[in-house]
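In the working numbering, the protein residues as written are 2 to 670.
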């Protein structure tokens, strides 16, 4: 039997003194605890400004041209698509700033949707005829001759496209139908080659040789379409359509997605087709560098998260330990049990007392709620512990209340990623706008759940709700880009298994749920590189019994399968750090000597806390094969990687400024 510890006289007097100080400051402390601080940033925080001035001189081979005449203009999202696909060697400018001298500095030009003037059309035509490479989204009819098409004066609403087998650039792209959500112009071919057509047989994507150059087009605004596909139907915002009480992002996908094709990340496949087209256009000019999607060469990523509602620290620890055993890290989004101002002060005083040696002995049998000490230890081990706000009383009110609560419990600083309780959603992107005011930069509210992902005959479908397995920043309907990344949650415990007795789940046991997760992970490794969001609630482990057993089996088997395939398991915070580092990569002084097959560039990369960035160059270029890589003058190892039907030479690049030289040789073939 354990002997009871008694307080010494010195400890007793110290405790009385501490109590006297506590009483004298209680009034002040109560006032501070009751005060609600406003958001740290204003409503416009997080808005990303686009480039308008033409850079001089050009330091990259690709120019992205925006067009403010488009209403709305989604040119900022076009640049976002290129960055998501690792095509970071570009600069941006407004169409009104173009000159022939400036254009001729770039091997390729990507023109966003929107009307152009007669003079601008003539300028772009001359650029192509004299050897330039141009790709345009829904181009002005003034450019028909350049693209080898004729506008028929009609427009098709959203529909689906299919690539033409054997056409340039389509190898490795999904051959089944792919949805698009932006109006497309009805065209007929007038010399161009068809790469993809609509469900009615109309050409949607074409390639044309004109003069010494080439011109490719999409008959619809791909950037606008991708935004609509990823973020849902804005006309259904704030409408509950899925029979689950409460408005969620998933409600905007009812009758918006082709549920029979949800297993394909359709938005990502169209982005990769765009990248393939740019690679095809660049064959006669300069090899385009490209960054791999994930850290350390991992084929895909599990973005591992778990919501926790009042769970005690030991259950959080239990789940984190399971992740750590597989070498991973995890995000926990936590809601503390409700407490008044006095209750919160009392809870914090109890935490303080538990750290006092003698008091700690008296409280040692408690199963404590997470304390700032627990959080510090978990964060030191690489995990994230963030907010899980309730917004039933209003989005702005809920985020402010839970942000204040989080800080007043001593849980700060607030980490940069979040999931809203019950995944409740406001507007088209209003959650992201509010989250930006609190310094939050990644949202995981787009969530695979409910009847929206069920076919007419009642069959459930796993896959990609918004057609994507890649994070990209949100964009508003007016074309305003927000500095908050949309990271979908694909593998959801409460969707597959009975976790909360809602009746909205598939009713699977742990083994069957794990089988579904394994299939999607295998597809992401073999065909569709993806960052798969995982939701494993902490709550069922607190509840125990069959629910804990099923969720535990599913979670462990999912983690084990991913580990066996070399898939990284990362917290959302660590994943965001990598995504932002990849987005910040810069290239300078790209040089290409076709006669000698020598490619050179200077890369400037930020630190990469989740793993090194991997740079890719085309394995073959204009009849020559890459045969050597040198970094800062030293021979550097490389390996081969296949992506969307194309072969690349791939190698790791350290952070900081690095000079890269690649040698292409005809004799290597």
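Each residue gets a CB set at the ideal place from its N, CA and C atoms; glycine is no exception.
If you measure between the beta carbons of residue i and residue j, is that distance less than 8 Å?
i	j	result
residue 49	residue 484	yes
residue 232	residue 475	yes
residue 426	residue 250	yes
residue 128	residue 138	no
residue 448	residue 422	no
residue 435	residue 477	no
residue 524	residue 506	no
residue 522	residue 213	no
residue 90	residue 63	yes
residue 488	residue 445	yes
residue 35	residue 342	yes
residue 81	residue 471	no
residue 562	residue 537	no
residue 252	residue 241	yes
For the putative contact between residue i and residue j, defined by C-beta atoms under 8 Å, what is the C-beta separation to the nearest angstrom?
i	j	result
residue 292	residue 616	6 Å
residue 311	residue 337	7 Å
residue 571	residue 304	6 Å
residue 157	residue 207	Actually they do not touch by this definition, with Cβ atoms about 15 Å apart.
residue 193	residue 150	5 Å
residue 227	residue 454	Actually they are not in contact, since the Cβ atoms of residue 227 and residue 454 sit about 20 Å apart, beyond 8 Å.
residue 604	residue 661	6 Å
residue 266	residue 579	That belief does not hold up - the Cβ atoms of residue 266 and residue 579 are roughly 19 Å apart, past 8 Å.
residue 274	residue 108	With 8 Å as the limit, residue 274 and residue 108 do not qualify as a contact, their Cβ atoms being about 20 Å apart.
residue 566	residue 526	5 Å
Where does residue i fall in DSSP's three states?
i	result
residue 154	strand
residue 663	strand
residue 246	coil
residue 559	helix
residue 579	helix
residue 520	helix
residue 361	Its pLDDT being 49, under 50, residue 361 is placed unreliably in this model, and the coordinates cannot settle the point.
residue 463	coil
residue 302	strand
residue 487	strand
residue 295	coil
residue 27	Low per-residue confidence applies at residue 27: pLDDT is 46, beneath 50, and the placement is therefore not dependable, though the value from the model is reported in the following sentence. If DSSP states are grouped into helix, strand and coil, residue 27 belongs with the helices.
residue 619	strand
residue 101	helix
residue 226	helix
residue 404	helix
residue 499	coil
residue 232	helix
residue 639	coil
residue 22	Note that residue 22 scores 37 on pLDDT, short of 50, meaning its location in the model is unreliable; the coordinates nonetheless yield the value given after this. It is helical.
residue 570	strand
residue 596	coil
residue 13	Low local confidence applies: a pLDDT of 38 at residue 13 is under 50, so the model's placement there is unreliable, and no value is given.
residue 525	helix
residue 265	coil
residue 606	strand
residue 436	helix
residue 131	coil
Pick from the options: whose alpha carbon is nearest that of residue i?
i	options	result
residue 650	225, 182 and 289	289
residue 497	477, 471, 530 and 463	463
residue 104	61, 70 and 86	61
residue 279	200, 300 and 111	111
residue 443	576, 551 and 510	576
residue 385	639, 412 and 499	412
residue 627	553, 87, 664 and 495	664
residue 163	270, 244, 255 and 210	270
residue 248	598, 657, 100 and 393	393
residue 42	225, 256, 438 and 329	438
residue 313	335, 330 and 294	335
residue 230	521, 466, 559 and 655	466
residue 355	459, 198, 468 and 369	369
residue 69	654, 556 and 114	114
residue 1	622, 595, 631 and 535	A question about residue 1 goes unanswered here, because the residues of the chain that appear run from 2 up to 670.
residue 73	245, 480, 508 and 184	480
residue 186	154, 653 and 553	154
residue 152	402, 132, 203 and 510	203
residue 416	399, 401, 380 and 406	380
- Item | In chain order, each alpha helix (DSSP H) run of at least 4 residues that lies wholly inside the segment 311 to 355 | Fully enclosed alpha helix (DSSP H) runs of no fewer than 4 residues occupy 314 to 325 of the segment 311 to 355, in order along the chain.
- Query: Whole beta strand (DSSP E) runs in the segment 44 to 113 with 3 or more residues, listed along the chain?
  - Reply: Qualifying beta strand (DSSP E) stretches, in chain order: 63 to 67, 91 to 95 and 109 to 112.
- Could you name each continuous beta strand (DSSP E) segment of 3 residues or more that falls completely within the segment 159 to 219, going from the start of the chain to the end? Runs found: 160 to 164, 179 to 181, 185 to 190, 194 to 199, 204 to 211 and 214 to 219.
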